[in-house]
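Enquirer:
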RNA sequence: GGCGCUAUCGUCUAACGGUUAGGACAGAGCCCUCUCAAGGCUUAAAUACGAGUUCGAUUCUCGUUAGCGCUACCA
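Numbering (my numbering), first residue to last: 4 to 478.
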């Protein structure tokens, strides 16, 4: 049974990178008939905010993809603690009584490469139990096996086989000194309990996965399939952060600027994933049908934006394409919502009349407020009548168009003109020098070429003439 | 510092080891056009660097460089 999960933590608004992770999880689940689970990873009580939680649900609801099951880690603390007890009882973890502050000083910065606190690993279980019962503060750490096990490995569906020396993995914490589980423990315990089959998440967790594999093994659970996604980064290659880049990294900003959710999803999918057949505009059904881990790229993708132009131009273009292909009544309904939200009273019938007039002029839904403002104004600003084209200068042509009389009607003349142009173009192509026609001009002259190569070369040499034949016709 | 991951036009990306390195966005030009769009056509623009394997490397291997990630009682 296929079970996928998206596990955001409510420590900030819904980030576009998180949204993409959700979308990829969802696409894989829907593509293969799996179950989509939303799990709120709220183990960090101090940083959680209700506002963040609201932002996450707001964003996810706008995307409109939905999920099948929903959990909250804070409801499952007993499970996490039980998991920690199990690992401790097996002798695969130990209590570390080092005070929290001392660690910072003697930690990674000074020695460079910190693995564990000396002496803590070897404390006998009886002494450990006694000190814990006496009320001494401790952290439960995973006892990374460094003698028996040489390497930890797993196969990533995107990055391939991964292996790491156990000697390079530090003894990470499972339980904090206040008894609450850390992310690593809570996440793995829940993934095992919920029978998650595929973990699709950001590449920032790639090196954490070695730790997670160890936890899964300690819990006698088979590790799920992992698929890590390349990260979304800012134009300077750095991390996308709200503090540095403002609201452009929040999903709700795109909603409020007039993006269509399907266009936004389309855009995010094209960042780090490709259908490999040059398709750009894709519907939700097409995306679902085409999605696979093989199409996922391995390098980080830049989201292009500037202060003057806060949205990636490609996202805006995709949005305009989705607007063009949206049925008129649907688009009218969307625009009506936007216009009414701006405090303008319009009825549906009027909006339906305005929509075809603005459809090709708007790239974001909110552009309608500028492009069609004169429809909503009760009195127009003053203008120079000389700028207007007098009606009598126009003439109704047989084809049904209003045109100036001295200009030919487009449906009568262009056929001939286009033909002329086409002939000219063909001549231009024919006169263009075609390289590599003779074998002596082939690269590495004299080298033995396989037969199929020469077939290819002939095809390429013949291409210009084919191109002339495939010139699009006017109608 | 240690460990890991990555590297194709400005950006997103394509290319069984054999292509004139393809497409899209953004840019430039032309056409269409009463305007603005939309659309059509054209154009400029890339395999980070250095070795190796091979008849042949964007593709495989190694090194260098650069970027990113992890290295928390954050997630």
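Just so it is clear, CB atoms sit at the ideal spot from N, CA and C, and this is done for glycine as well.
With respect to the beta strand (DSSP E) encompassing residue 54, which residues constitute its N-terminal and C-terminal limits?
Expert: Here residue 54 refers to the residue found at position 51 when the first chain is read from its first residue. Careful: residue 54 lies outside any beta strand (DSSP E), inside the alpha helix (DSSP H) at 53-66.
Enquirer: Over what stretch of residues does the alpha helix (DSSP H) that includes residue 3 continue unbroken?
Expert: The structure shown does not extend to residue 3, since the chain is modelled only from 4 to 478, so the question has no answer here.
Enquirer: If you run the structure through DSSP and keep just helix, strand and coil, what is residue 253?
Expert: Along the first chain, read from residue 1 onward, the residue named residue 253 stands at position 250. Note: residue 253 maps to strand in three-state DSSP.
Enquirer: Suppose the cutoff is 6 Å on Cβ atoms and the five residues either side in sequence are ignored; what does the same chain contact list for residue 38 look like?
Expert: Your numbering for residue 38 matches position 35 in the first chain. Excluding its 5 nearest sequence neighbours in each direction, residue 38 has C-beta neighbours in its own chain below 6 Å: 6, 71, listed in chain order.
Enquirer: Are the Cβ atoms of residue 17 and residue 58 separated by less than 8 Å?
Expert: As a working note, residue 17 is residue 14 in the first chain. As a working note, residue 58 is residue 55 in the first chain. Taking 8 Å as the Cβ cut-off, residue 17 and residue 58 qualify as a contacting pair.
Enquirer: Check whether the Cβ atoms of residue 251 and residue 308 sit closer than 8 Å, and answer yes or no.
Expert: In the first chain, the residue the question calls residue 251 occupies position 248. In the first chain, the residue the question calls residue 308 occupies position 305. Going by C-beta atoms, residue 251 is nearer than 8 Å to residue 308.
Enquirer: When you compare the region 365-372 with the region 311-330, are there three or more beta-carbon pairs, one atom per stretch, that lie closer than 8 Å?
Expert: yes
Enquirer: Answer with buried or exposed for residue 36, where buried requires no fewer than 16 other C-beta atoms within 10 angstroms of its C-beta.
Expert: One-based indexing of the first chain puts residue 36 at position 33. Answer is exposed; the Cβ neighbour count stays below 16.
Enquirer: Just curious, the alpha helix (DSSP H) that residue 45 is in, first and last residue?
Expert: For the purposes of this step, residue 45 is taken as the residue at position 42 of the first chain. Looking at the DSSP string, residue 45 is not in any alpha helix (DSSP H), and its letter there is neither H nor E.
Enquirer: If residue 19 and residue 254 are in contact, beta carbons under 8 Å, what's the gap, nearest whole angstrom?
Expert: The count along the first chain starts at 1 and reaches residue 19 at position 16. The count along the first chain starts at 1 and reaches residue 254 at position 251. Indeed they touch by this definition, with Cβ atoms about 6 Å apart.
Enquirer: Start and end of the beta strand (DSSP E) containing residue 202?
Expert: Residue numbering aside, residue 202 sits at position 199 when the first chain is read from its first letter. Segment 201-205, the beta strand (DSSP E) holding residue 202.
Enquirer: Below 6 Å CB to CB, which residues in the same chain sit around residue 180 once its five sequence neighbours on both sides are set aside?
Expert: Sequence index remark: in the first chain, residue 180 carries index 177 (1-based). Once the five neighbours on either side are set aside, the close Cβ partners of residue 180 are 140, 142.
Enquirer: Anyone know if the C-beta pair for residue 51 and residue 13 falls short of 8 Å?
Expert: Counting from one through the first chain, the residue named residue 51 turns up at place 48. Counting from one through the first chain, the residue named residue 13 turns up at place 10. Yes, Cβ-Cβ distance for residue 51 and residue 13 is below 8 Å.
Enquirer: Within a Cβ cutoff of 7 Å, which residues of the same chain sit near residue 294, ignoring the five residues on either side of it in sequence?
Expert: As a working mapping, residue 294 is identified with position 291 in the first chain. Excluding sequence neighbours, residue 294 sits near 30, 31, 34.
Enquirer: Given a cut-off of 8 Å on the beta-carbon distance, is the pair residue 157 and residue 216 in contact?
Expert: Numbered from its first residue, the first chain carries residue 157 at position 154. Numbered from its first residue, the first chain carries residue 216 at position 213. It is a contact, given that the beta carbons lie within the stated cut-off.
Enquirer: Look at residue 177 and residue 188 and say whether their C-beta atoms are less than 8 Å apart.
Expert: Along the first chain, read from residue 1 onward, the residue named residue 177 stands at position 174. Along the first chain, read from residue 1 onward, the residue named residue 188 stands at position 185. Yes, these two residues count as a Cβ contact at 8 Å.
Enquirer: Quick check on residue 320: does DSSP put it in helix, strand or coil?
Expert: By one-based count along the first chain, residue 320 stands at place 317. Looking at residue 320 - three-state DSSP - the assignment turns out to be helix.
Enquirer: Whose CA, out of 44, 91, 78, 233, lies closest to the CA of residue 209?
Expert: As a first step, residue 209 must be located in the first chain, where it is residue number 206. Taking only the C-alpha atoms, the option nearest residue 209 is 233.
Enquirer: Under 8 Å by Cβ, that's how I've got residue 42 and residue 8 pegged, so tell me the actual separation to the nearest angstrom.
Expert: Residue numbering aside, residue 42 sits at position 39 when the first chain is read from its first letter. Residue numbering aside, residue 8 sits at position 5 when the first chain is read from its first letter. The Cβ separation is near 5 Å, so the contact holds.
Enquirer: Can you list, in chain order, the residues of its chain whose CB lies under 7 Å from that of residue 311, leaving out five sequence neighbours each side?
Expert: As a working note, residue 311 is residue 308 in the first chain. Around residue 311: no qualifying Cβ.
Enquirer: In the DSSP assignment, find the beta strand (DSSP E) that holds residue 164 and state where it starts and stops.
Expert: For the purposes of this step, residue 164 is taken as the residue at position 161 of the first chain. Run containing residue 164: 163-168, per the beta strand (DSSP E) assignment.
Enquirer: Name the residue from 15, 240, 130, 137 whose alpha carbon lies nearest to the alpha carbon of residue 304.
Expert: Numbered from its first residue, the first chain carries residue 304 at position 301. Selected option, being the one with the closest Cα: 240.
Enquirer: Among the candidates 170, 23, 333, whose CA atom is the shortest distance from the CA of residue 235?
Expert: Stepping through the first chain from its first residue, residue 235 is reached at position 232. Measuring from the Cα of residue 235, the nearest candidate turns out to be 23.
Enquirer: Determine the closest residue to residue 352 out of 331, 326, 364, with distance taken between C-alpha atoms.
Expert: Within the first chain, the letter at position 349 stands for residue 352. For the options 331, 326, 364, the alpha carbon positioned closest to that of residue 352 is the one of 331.
Enquirer: Could you tell me if residue 48 is buried or exposed, where buried requires 16 or more neighbouring beta carbons within 10 angstroms of its beta carbon?
Expert: Locating residue 48 in the first chain gives position 45, where the first residue counts as 1. Per the 10 Å Cβ criterion, exposed.
Enquirer: Sort out for me which residues DSSP pairs residue 280 with in a bridge.
Expert: Within the first chain, numbered from 1, the residue matching residue 280 stands at position 277. Answer by DSSP bridge pairing: none, since residue 280 is not bridged.
Enquirer: Does DSSP put residue 177 in a helix, a strand or coil?
Expert: Indexing the first chain from 1 puts residue 177 at position 174. Residue state, collapsed to three classes: strand.
Enquirer: Please state whether DSSP places residue 242 in a helix, a strand or coil.
Expert: Here the question's residue 242 lines up with position 239 in the first chain. In the structure shown, residue 242 sits in a strand (DSSP, three-state: E or B).
Enquirer: Rounded to the nearest angstrom, how far is the Cβ of residue 171 from that of residue 165, given a contact under 8 Å?
Expert: Counting from one through the first chain, the residue named residue 171 turns up at place 168. Counting from one through the first chain, the residue named residue 165 turns up at place 162. Wrong, their Cβ atoms sit about 12 Å apart, outside the cutoff.
Enquirer: Are residue 269 and residue 285 touching if we call contact CB-CB under 8 Å?
Expert: Start at 1 with the first residue of the first chain, and residue 269 comes out as number 266. Start at 1 with the first residue of the first chain, and residue 285 comes out as number 282. Contact: yes.
Enquirer: The beta strand (DSSP E) with residue 99 in it runs from where to where?
Expert: Along the first chain, read from residue 1 onward, the residue named residue 99 stands at position 96. That run of the beta strand (DSSP E) goes 96-99.
Enquirer: Should residue 4 be labelled buried (16 or more other beta-carbon atoms within 10 Å of its own) or exposed?
Expert: The count along the first chain starts at 1 and reaches residue 4 at position 1. With fewer than 16 Cβ atoms within 10 Å of its Cβ, residue 4 is classed as exposed.
Enquirer: Can you tell me where the alpha helix (DSSP H) with residue 230 in it begins and where it stops?
Expert: For the purposes of this step, residue 230 is identified with residue 227 of the first chain, where counting begins at 1. Segment 228-232 is the beta strand (DSSP E) holding residue 230; no alpha helix (DSSP H) there.
Enquirer: Under a three-way DSSP split, which group does residue 156 fall into?
Expert: Your numbering for residue 156 matches position 153 in the first chain. Residue 156 falls in the strand class under three-state DSSP.
Enquirer: The alpha helix (DSSP H) spanning residue 119 covers which residue range?
Expert: Against the first chain, residue 119 aligns to sequence position 116. It is not in any alpha helix (DSSP H) - residue 119 carries neither H nor E in the DSSP assignment.
Enquirer: Would you report the Cα separation of residue 92 and residue 227, rounded to the nearest angstrom?
Expert: Here residue 92 is taken as the residue at index 89 of the first chain, counted from 1. Here residue 227 is taken as the residue at index 224 of the first chain, counted from 1. Taking the straight line joining both Cα atoms gives about 24 Å.
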